[in-house]
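To start, the structure itself, in structure tokens.
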Amino acid sequence: MFETAPSTTVGFLSGGGQMGARMRAHDWSSSPLGRPETWPQALRSAASLMLGSKFPMFVAWGPGLGFLYNDAYAEIVGDKHPAALGRRFHDIWSEIWPDIAPLVDKAMAGEATWAENLPLTMNRHGYDERTWFTFSYSPVRDDAGAVQGMFCACTESTAKVQAEEALRASEARASGVLEGMGEGFMLLDREFRILQMNAEGFRLEERSPDQVLGRSHWEVYPGSEAMPIGQMYLRAMCERVSLTLEHRYVWPDGHAAWLEVRAYPHPEGLALFYREVTERREREDALREAEARFQTIANSIDQMVWSTRADGYHDYYNQRWYDFTGVPAGTTDGEAWNGMFHPDDQERAWATWRHCLATGEPYRIEYRLRHHSGQYRWTLGRALPMRDAAGRITRWFGTCTDIQDIVEAREVLTRSREELEGLVAERTADRDRMWRLSTDIMLVARYDATIEAVNPAWTTLLGWDERDLIGGAFMDLVHPDDIAPTLAEVGKLAEGLTTLRFENRYRHRDGSYRWLSWTAVPAEDLIHAVGRDVTAEKEAAQALAEAEEALRQSQKMEAVGQLTGGIAHDFNNLLTGISGSLELLQTRMSQGRLTEIDRYMTAAQGAAKRAAALTHRLLAFSRRQTLDPKPTDVNALIHGMEELIRRTVGPSVHIEVVGAGGLWPALVDPGQLENALLNLCINARDAMPDGGRITVETANRWLDHRAARERDLPPGQYLSLCVSDTGTGMSADVIAKAFDPFFTTKPIGHGTGLGLSMIYGFAKQSGGQVRIYSEVGQGTTVCLYLPRHHGDVPAGGEMPDLAGAPRAEPGETVLVVDDEPSVRMLVAEVLEDLGYAAIEAADGPSGLRVLQSDARVDLLITDVGLPGGMNGRQVADAARVTRPGLKVLFITGYAENAVVGNGYLEPGMQVLTKPFVMEALASRIRDMIGPG
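Counting with numbering that gives the first Met the number 0, you get residues 0 to 931 for the letters of the sequence shown.
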């Protein structure tokens, strides 16, 4: 009912009985194999061979391993037939896939496999059944030699295996040979009680018979009922089927072994045969590892490697053989490789091979072997026998080496002297003109890096003679760090691209390396290259770079010296103001002249505030200042500073402020932003010695990916604060160094080079960026980009004096942790004046002990840098483990970014920078504790 006339394009499906007819009539549209007219020749040949055989066979092809089979195999498929035709191999035999997948993987990797009486649990008639099969998987290659599918010839040996094993069990019990067996034997009744065990079983068991016999198997071997071995026993007993399993069992006393266990139904219950296979498993693992090593070595050498059985049957070739010949894997097994010889060499080659097989002499012969290009190339064949301990030959291992170039060279040597001299003279005339006189090295090489020719400059430049190089690989001379880019460049040449000014390092004969700049052009089979020595240029450039860096470091150190001198001078002035005011204050109080006390206190406080401002500038320069970010209206901040900026820059400079309407808020430290704006305006003033105009402008900016990438920022919403001047401008070189610490264009004594560096540090800590736009003679614009804050700006308030500061609620307690006694004393005095209970601690561990006690603590005030192995942030984090809602106020004059979260604080934490006024401390305490 399936017979149809085959088309001319699917003639390979002719015949084949019912499966041939089905394949011709099959709808292949949903099959991973596609329509037969599109099948490659290798698949067509395999399918034709399969259909013409009466032996059970199938072919699996392509990435999905589409499935084809013949009439004989249809009986094996069972109820899966005919739906299995054209489906994926895995989908058809999913129940046995874990058992056969490793064999399939090997076949698809190019390795033929063989399995004899392999046990498989199949479901082909609606239920699971134990089966045994003997089969082989062979890789099938396409015209390019790549494995695209696999071919299987198989036979089912289930009946044979079951009959043999059942007969063996019956005969063993009847004849009384169980005790002499090298396998363990155990007989279970239908209740799984152990009725009998032979001597080998007790040897493996290492327990006495009275501890085993008559007892339940599950009692003697605790936990085995839930193991795969116990499940096999239960199934064999229930279904009355023979089963086999390799199982690693650990006895109650701790010793373990791999056992091969075979279970057979028996009239009394279940007969078990088992033997220890630990050594075999270890040998198999070692053999697989050795085979893998052999395959790796064989495929890594540039020779064709082959092997035969003792009788000369060829059953192994490495990948190099298939690359050279271009034939599909397996097609030259046995005596089939005779067809690879040149017709004139076949009889001689096989006569030599048969003689060596008969005598055991080493095999060595030169013959012509067919190359994948269709040409014959001269090859040297060699082989040696491998013998066992008795001296018998067990295998032959051989190689084939391409010696075409050697043979051609020999042919050249056999020519007449006149012809040879003519050839030499011709070659010399062609290349000597440029070849011998050039100071650049010249190279002719294959794409596999084999050197074909070199000019004398190799000796002059690198010390290598021509005889040292010809036939070797130029990659052997390349510096290890340059191998990857050199291979990439050779790959471009192989694609037909010309190399211009490619630089790498080649090893001199003395072991040193020289820099070469290469120009190379590709030919059909060769690379022609010229290399120029650029070592001196490289060394000169390196020396120049080192000299420039040394000069730069020297300039920085000079600036550091200037900075430290200036700082020392400023601090001495400030300390003089503070100490002098305090001395006069003490004197006037002792004299009873209290009317002048306010003047001295004002002078001391003013000097202290100027000292605090100086330390903040130093911390900003080091980019380690502790930021106190707050939602900030930048337009209002600029408006509040406008009069200060006008007084600072002087009357010769006109100030223009352009504030954007609806400007977004920014989350920044207002004091640091004021400092940055004032610095930018002072720099702008200094760039206009004859006066000019400064424009302060704000704007909302939405940066897309391109604009954000240009400014080194994530895409998103930002506000910009830009200060522009009409001054002298900057060159590109000056802009590139402007943010470097200590870099300045001002004369010595007029600047430290810290201003822009401090602004850059503040911007980066605030999550933003700063950029300079300038042209010489056209002025400069410096823009700060700050992230938009999505929130409202709270209204500002006046700082209350200490007398009017908010008072504590009853029972409110503050823990003060600071290693400086004077700071603890002052803070505690302020707290007590405000009605708070104060607890003092001199280091981190002491403070933490208070926090881990039952004492009431409404607020923790702590310095960041503390002795005792814990800093203030660590104390706060540890305290919040047991007091999650604890409010924390850090008081610090210097803080690591890591301590305050890269410049930002967690909710419920604030920072107050030393030195601070007591009114600010009191107000901050009340704000953090909140209403009682």
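Each residue gets a CB set at the ideal place from its N, CA and C atoms; glycine is no exception.
Taking residue i as the reference, give the member of the options with the closest Cα.
i, options, result
"proline 266", "Arg504, Ser207, Ala165", "Ala165"
"histidine 932", "Ile577, Ser719, Ile758", "With the chain covering only 0 through 931, there is no way to say anything about residue 932."
"glycine 333", "Gly325, Thr586, Trp349", "Trp349"
"methionine 149", "Arg189, Glu163, Asp104", "Asp104"
"glycine 325", "Ile300, Leu368, Glu288", "Leu368"
"aspartate 221", "Lys491, Trp250, Leu48, Leu233", "Looking at the sequence itself, residue 221 is proline, so the reference to aspartate does not match. When each option's Cα is compared against that of proline 221, the closest is Trp250."
"threonine 881", "Ser852, Ala382, Met869", "Ser852"
"isoleucine 193", "Asp209, Thr498, Gly338, Asp387", "Asp209"
"leucine 212", "Leu187, Met231, Glu199, Tyr232", "Leu187"
"alanine 840", "Asn870, Asp439, Leu833", "Asn870"
"tyrosine 263", "Phe184, Trp257, Phe201", "Phe184"
"arginine 394", "Asp401, Glu360, Pro866", "Glu360"
"leucine 636", "Asn674, Thr725, Arg376, Gly649", "Asn674"
"glutamine 716", "Val722, Trp701, Thr727", "Trp701"
"glutamate 259", "Gly268, Leu269, His246", "His246"
"arginine 506", "Gly16, Ala877, Pro479", "Pro479"
With the cut-off set at 8 Å, would you say residue i and residue j are in Cβ contact?
i, j, result
"arginine 123", "lysine 79", "yes"
"proline 327", "alanine 544", "no"
"leucine 102", "methionine 22", "no"
"tyrosine 273", "glutamate 163", "no"
"glutamate 828", "aspartate 857", "no"
"threonine 697", "leucine 672", "no"
"alanine 875", "methionine 927", "no"
"alanine 836", "valine 815", "no"
Tell me whether residue i sits in a helix, a strand or coil according to DSSP, three-state version.
i, result
"isoleucine 771", "strand"
"alanine 841", "coil"
"isoleucine 758", "helix"
"isoleucine 928", "helix"
"alanine 262", "strand"
"glutamate 895", "Low confidence applies here, because glutamate 895 scores a pLDDT of 42, under 50, leaving its location unreliable; read the following figure in that light. If DSSP states are grouped into helix, strand and coil, glutamate 895 belongs with coil."
"phenylalanine 1", "Interpretation of phenylalanine 1 is limited by its pLDDT of 41, a score under 50 that renders its predicted location unreliable; the figure taken from the coordinates is listed afterwards. DSSP places phenylalanine 1 in coil when its eight states are reduced to three."
"arginine 622", "Residue placement at arginine 622 is poorly supported in this model, since its pLDDT is 46, which falls under 50; the coordinates still yield a value, given next. If DSSP states are grouped into helix, strand and coil, arginine 622 belongs with coil."
"threonine 351", "helix"
"phenylalanine 396", "strand"
"methionine 196", "strand"
"methionine 943", "Residue numbering for the chain in the displayed model covers 0 to 931; residue 943 lies beyond these limits and cannot be assessed."
"glycine 900", "With a pLDDT of only 48 at glycine 900, under the threshold of 50, the placement of this residue in the model should not be trusted, and no figure is reported."
"proline 384", "strand"
"glutamate 918", "helix"
"isoleucine 526", "strand"
"glutamate 205", "coil"
"leucine 911", "strand"
"glycine 16", "helix"
"phenylalanine 340", "strand"
"histidine 89", "helix"
Tell me which residue opens and which closes the alpha helix (DSSP H) that residue i is part of.
i, result
"asparagine 682", "669 to 685"
"serine 945", "Here the chain comprises residues numbered 0 to 931, so residue 945 is not present and cannot be evaluated."
"valine 874", "871 to 881"
"glycine 639", "633 to 648"
"glutamine 318", "318 to 324"
"valine 411", "403 to 413"
"valine 103", "96 to 107"
Taking the beta carbon of residue i as the centre, do at least 16 other beta carbons fall within 10 Å, making it buried, or is it exposed?
i, result
"tryptophan 320", "buried"
"glutamine 541", "exposed"
"lysine 53", "exposed"
"alanine 100", "exposed"
"isoleucine 469", "exposed"
"alanine 71", "buried"
"aspartate 524", "exposed"
"threonine 459", "exposed"
"cysteine 153", "buried"
"glutamine 768", "buried"
"isoleucine 405", "exposed"
Since residue i is in the beta strand (DSSP E), which residue starts that stretch and which ends it?
i, result
"tryptophan 60", "56 to 60"
"valine 816", "812 to 816"
Please check if any C-beta of chain D sits within less than 8 Å of the C-beta of residue i.
i, result
"alanine 100", "Of the protein chains in this structure there is only one, and it is not chain D."
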